[in-house]
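Colleague: Sequences listed follow chains U and D, in order. The UniProt record's numbering puts the first residue of the first sequence at 1, with every later residue one more than the last. The UniProt record's numbering puts the first residue of the second sequence at 1, with every later residue one more than the last. By construction, the Cβ of each residue, glycine as well, lies at the ideal position given by its N, Cα and C atoms. All of these numbers come straight from a predicted model, not from anything done at the bench.
Protein chains: 2
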Amino acid sequence: MRVMVIGAAGMIGRKLVEKLALDSEALGRGIEQLTLVDVIEPPIPAGLASISHALAADLADEGVAASLIASRPDVIFHLAAIVSGEAEADFDKGYRINLDGTRSLFDAIRNEAKQEPYRPRLIFASSIAVFGEPFPEKIGDEFFTTPLTSYGTQKAISELLLADYSRRGIFDGIGIRLPTICIRPGKPNKAASGFFSNILREPLSGLEAVLPVDDTVRHWFASPRAAVGFFVHAARMDTSRIGPRRTLTMPGLSALVGEEIEALGRIAGPKAVKLIRREPDAVIRKIVSGWATDFDARRARELGFVAETDFDEIIRIHIEDELGGKVWHG
Amino acid sequence: MRVMVIGAAGMIGRKLVEKLALDSEALGRGIEQLTLVDVIEPPIPAGLASISHALAADLADEGVAASLIASRPDVIFHLAAIVSGEAEADFDKGYRINLDGTRSLFDAIRNEAKQEPYRPRLIFASSIAVFGEPFPEKIGDEFFTTPLTSYGTQKAISELLLADYSRRGIFDGIGIRLPTICIRPGKPNKAASGFFSNILREPLSGLEAVLPVDDTVRHWFASPRAAVGFFVHAARMDTSRIGPRRTLTMPGLSALVGEEIEALGRIAGPKAVKLIRREPDAVIRKIVSGWATDFDARRARELGFVAETDFDEIIRIHIEDELGGKVWHG
C-alpha cells in the first residue's frame, strides 16, 4: 500500500511515521511506498529509507496538491496546518494554508479520479477548537461548532468539506478531533496550552516548570501515543460504520491540573512536584477559561478509538517513549 | 443609507425590494441608493426608480465583488445562490457560486476597508439544509450542522465564514436560516418541496394540484411576507445582543400537510379541497422523509424575529399579497 503523510515534520506526524517504521503492519497491510511532505523536508526514519521519500512542499501552492496526488496514495494522512495563534495573527496565511490548502488536496483527489477510478482513505487532523464557549460541561457528539478563532473556523469548514467529498465518493474521509496532547515532548513552548505538558515533562527530568493557572483548571487530554493510535485506527477501520458524519471527537481524559500534579507525585515523588513554580498569569488564565473541559466522545469510543483513562498512564507513556524509562527523583 | 440586494431577481429578493419600495423607512432610515444585483438584470420597482440601479453580474466572476463593494453600501442583503438540486448536479458550479462567490463578497468588504474604515451590515440567506438526518423531532439552536447535500454544505461553510469575519469586525453579519417558504407565488415548479405550496396556491385560484405524499407529513413553514420581515428585522436590529453565533434558525410553523388542507377548507371551502389530487410518489416521499420537521428557534424569537403561527394566516397572506383579496370558491 502507498501511504502519504502531509505535515510529516510536526510532532504527531513524526511520531506517526516512527510508528509505521517500528510496525510495518500497523496499517493492516505492508507499506510499499511512503511519501512524507511538509513545508520543511521531513526526516525519513531509518527503517523505511528504501521505500520513503521526503518532500518540502506547501499544499496551498499552485500545482502542489495535484503533483502529490499523481502518485495515487492509498492512505493519506493530512496533518498540515498553521497553528491557532499564527492563523489568528495572519488572516490571509491562515485561510490560505488551513482552508485553501486542504481544499486543494481534496480537489486534487477529485481530479485524479477523472483519469481512472481512485478513492483513497483520507484522515484529516481536526481540533476541538471547532467549539466555542459557552458550551455544556461535557460536550456531546451533536453539539454545534461555533469556533472563536479563525483556526477553529478553518478546521470546521474543512470538516464540512471532508463530509461532502466523502458523501460524494471522492475519497473515504475521516476527521479526527484531537484532545490537547500531553505530555508534548521537546522544550517548553509559548503556546497558551504549553504548561499542561511543561509541569510534567520538566520535573520528570529534574527541571523547573511554571504553572500559570489554578490547580482546579480542568482540561481534555490524550498522550502522543494515543494520538498516533487514533490515526492508525482511522486508516484501518471499517468506515461503513461511520455514516455521513465523518468527523469524530476523539476520546480523552478530562482531568484537573491538580490531578496531573498528584500523578506526578505518585510516579516521581515530592521533589519533582516541588519543581512546579506557581506564577499566576491573568492572560493565560483568561484564554484557558474559554476552552472546553470535557467531552462525551461516545461515537469515537463505539468505533474503537481508545485513549488514556488516568494521568499516571499518560506520564508512564512519556517515560517509556521519551525518557528511556528513566525518571528524575531528586 | 445605501442598500445592496444581491440575488434581487429571486422570489425573496423581489419581495424584499417591493417592501422597500412601499415603505421607504422599512430599514429605519431613508434609502439614498439601492443597488440590485443578480445573474439576470433584476427589475427596478417603480417607486424607487430614481435612486436604483440594476446590474447583471455573477459574484463569483473575477473582480465583480470588488466593483460592487466599491460603492460602499451600508446594508448588504446576500441572497444569491444556486439551488439545492443544481448544486448537487453540478459540483463545480455549486462550489463556485455558493461558496467562492460568497467568500469573494466577504473578502471584497475586507479589502475595501483597507482604504478607509468600512463595516457594513451583511445579511446572509442560509437554509435549514445545513441540517441532515437523523435529528431530533424538534431541532434546537445548538444542534450540529451535518448537511447531506453540497448546497447545505456550502451554506454551512458560509455561516462559519460569516461568523469569523464578523468576529474580526470585517462586517456586521447575520445569517438567516429560512423555513420552507409557503405559499410560493408563481407556477408549480419541479422542486421536491413544490407541492407544499401547490396544494394551496392552485386551488385558491380554481386549479388542480398534485399531492405526492401523505397528509401526515410534517414540515416547517413561513410565508414570503414573514421571510421579508426576517431580512428587514436583521437589517435594523441591535446586533450587540447576538454575540459571536451569527446565524439564527428563523421561527416558523411546524404543520402537517393535513393541517394545510384543513386551513384551505376553512378559507376556500370544500370545492377547493377537492382540487387536490392525491398521487403518491415514492421518490418525493423519500426525499421529504429526510427533511427536518420542527425547530425550537428560541434565539431568533428572543431577538424579535416573528413568523406565522397557523396555516390560516399563511393562506390569508397569500390572498392579500398575491390574489388581490380574491379567492375561488367554485
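I believe residue 98 of chain D touches residue 151 of chain D by the beta-carbon criterion, under 8 angstroms. Please report the beta-carbon distance rounded to the nearest angstrom.
Modeller: Yes, they are in contact, since the Cβ atoms of residue 98 of chain D and residue 151 of chain D sit about 7 angstroms apart, within 8 angstroms.
Colleague: Are the CB atoms of residue 148 of chain D and residue 328 of chain D nearer to each other than 8 angstroms?
Modeller: No. Outside cutoff.
Colleague: Can you give the Cα-Cα distance for residue 65 of chain U and residue 195 of chain D, rounded to whole angstroms?
Modeller: Looking at the two C-alpha atoms, the distance is approximately 45 angstroms.
Colleague: Should residue 71 of chain D be labelled buried (16 or more other beta-carbon atoms within 10 Å of its own) or exposed?
Modeller: That one is exposed.
Colleague: Just checking: is the beta-carbon of residue 117 of chain D within a distance shorter than 8 angstroms of some beta-carbon in chain U?
Modeller: Chain U contact via Cβ: absent.
Colleague: Leaving out the 5 sequence neighbours to the left and right, which residues in its chain are closer than 8 angstroms to residue 216 of chain D when beta-carbon positions are compared?
Modeller: Excluding positions up to five away in sequence, the list reads 256, 257 and 258.
Colleague: Please list the residues of the stretch 153-186 of chain D that have a C-beta atom closer than 8 angstroms to any C-beta atom in chain U, keeping them in chain order.
Modeller: Here the close residues are 153, 156, 157, 160, 161, 163, 164, 167 and 168.
Colleague: Can you list, in chain order, the residues of the stretch 99-132 of chain D whose Cβ is nearer than 7 angstroms to any Cβ on chain U?
Modeller: Listed in sequence order: 132.
Colleague: At least one CB of chain D closer than 8 angstroms to the CB of residue 303 of chain U: is that the case?
Modeller: False, the Cβ-Cβ gap to chain D never drops below 8 angstroms.
Colleague: So, for residue 58 of chain D: in the same chain, excluding its five sequence neighbours on each side, which residues have a beta-carbon less than 8 angstroms away from its beta-carbon?
Modeller: The answer, listed in chain order, is 39, 64, 97 and 101.
Colleague: Could you give the DSSP three-state label for residue 223 of chain U: helix, strand or coil?
Modeller: Here residue 223 of chain U sits in coil by DSSP.
Colleague: What separation, rounded to the nearest whole angstrom, lies between the Cα atoms of residue 290 of chain U and residue 134 of chain U?
Modeller: Their Cα atoms are separated by approximately 8 angstroms.
Colleague: Are the CB atoms of residue 125 of chain D and residue 79 of chain D nearer to each other than 8 angstroms?
Modeller: Result yes, Cβ atoms of residue 125 of chain D and residue 79 of chain D sit closer than 8 angstroms.
Colleague: In or out: residue 115 of chain D buried (at least 16 other Cβ within 10 Å) or exposed?
Modeller: Per the 10 Å Cβ criterion, exposed.
Colleague: Relative to chain D, which residues along the stretch 70-96 of chain U have a C-beta separation below 8 angstroms, given in chain order?
Modeller: Under the 8 angstroms Cβ criterion, the stretch 70-96 of chain U contributes 91.
Colleague: Check whether the Cβ of residue 223 of chain U lies closer than 8 angstroms to any Cβ atom in chain D.
Modeller: Output row for residue 223 of chain U: interface = no.
Colleague: Quick one: Cα of residue 31 of chain D to Cα of residue 50 of chain D, how far?
Modeller: Going from the Cα of residue 31 of chain D to the Cα of residue 50 of chain D covers about 11 angstroms.
Colleague: Apart from the five residues on each side of it in sequence, which residues of its chain come closer than 7 angstroms, Cβ to Cβ, to residue 208 of chain D?
Modeller: So the qualifying residues of the chain are 202, 275 and 277.
Colleague: Establish whether the CB of residue 144 of chain U and some CB of chain D are separated by less than 8 angstroms.
Modeller: Yes, its Cβ sits closer than 8 angstroms to a Cβ of chain D.
Colleague: Looking at the C-beta of residue 43 of chain D, does it have a partner C-beta in chain U at a distance below 8 angstroms?
Modeller: Not closer than 8 angstroms to any Cβ of chain U, the Cβ of residue 43 of chain D fails to qualify, so no.
Colleague: List the residues of chain D that residue 245 of chain U touches, going by C-beta distances under 7 angstroms, in chain order.
Modeller: Residues of chain D passing the Cβ test: 146.
Colleague: Tell me which residues of the stretch 189-215 of chain U have at least one Cβ-Cβ distance to chain D shorter than 7 angstroms, keeping chain order.
Modeller: Cβ contacts with chain D: none found.
Colleague: Between residue 265 of chain D and residue 292 of chain D, what straight-line distance do the alpha-carbon atoms span, to the nearest angstrom?
Modeller: Looking at the two C-alpha atoms, the distance is approximately 26 angstroms.
Colleague: Check this for me: beta carbons of residue 177 of chain U and residue 130 of chain U, under 8 angstroms apart or not?
Modeller: Yes, Cβ-Cβ distance for residue 177 of chain U and residue 130 of chain U is below 8 angstroms.
Colleague: Per DSSP, what are the beta-bridge partners of residue 172 of chain D in this structure?
Modeller: In DSSP, residue 172 of chain D forms a bridge with D/121.
Colleague: As an exercise, report each continuous alpha helix (DSSP H) stretch of at least 4 residues that is fully enclosed by the stretch 189-259 of chain D, in chain order.
Modeller: Entirely contained in the stretch 189-259 of chain D, the alpha helix (DSSP H) runs reaching 4 residues are, in chain order, 194-204 and 224-236.
Colleague: Kindly indicate the opening and closing residues of the beta strand (DSSP E) around residue 276 of chain U.
Modeller: It spans 276-278 - the beta strand (DSSP E) in which residue 276 of chain U sits, taken as one unbroken run.
Colleague: Less than 8 angstroms separating the beta-carbons of residue 225 of chain D and residue 109 of chain D?
Modeller: No, Cβ-Cβ distance for residue 225 of chain D and residue 109 of chain D is not below 8 angstroms.
Colleague: Restricting to Cα atoms, I'd like to know which of D/3, D/286, D/267 and D/311 is closest to residue 28 of chain D.
Modeller: That would be D/3, whose Cα lies nearest to the Cα of residue 28 of chain D.
Colleague: Report yes if the CB atom of residue 335 of chain D is closer than 8 angstroms to the CB atom of residue 287 of chain D, and no otherwise.
Modeller: In the structure as shown, chain D begins at 1 and stops at 330. Residue 335 of chain D is therefore absent and cannot be evaluated.
Colleague: Quick check on the DSSP output: the beta strand (DSSP E) that includes residue 144 of chain D runs from which residue to which?
Modeller: From DSSP, residue 144 of chain D is part of no beta strand (DSSP E); its letter is neither H nor E.
Colleague: Could you name the residues of the same chain whose beta carbon sits closer than 6 angstroms to that of residue 60 of chain U, not counting the 5 residues immediately before and after it, in chain order?
Modeller: Once the five neighbours on either side are set aside, the close Cβ partners of residue 60 of chain U are 96, 97, 100 and 101.
Colleague: Contact defined as beta carbons within less than 8 angstroms: I believe residue 243 of chain D pairs with residue 295 of chain D. What is the distance between those atoms, to the nearest angstrom?
Modeller: Residue 243 of chain D to residue 295 of chain D, Cβ: 19 angstroms. No contact.
Colleague: Counting contacts by CB-CB distance shorter than 8 angstroms, is residue 240 of chain D in contact with chain U?
Modeller: No, residue 240 of chain D does not count as interfacial toward chain U.
Colleague: Sort U/223, U/279, U/299 and U/235 by Cα distance to residue 312 of chain U and report the nearest one.
Modeller: Nearest of U/223, U/279, U/299 and U/235 to residue 312 of chain U, Cα basis: U/223.
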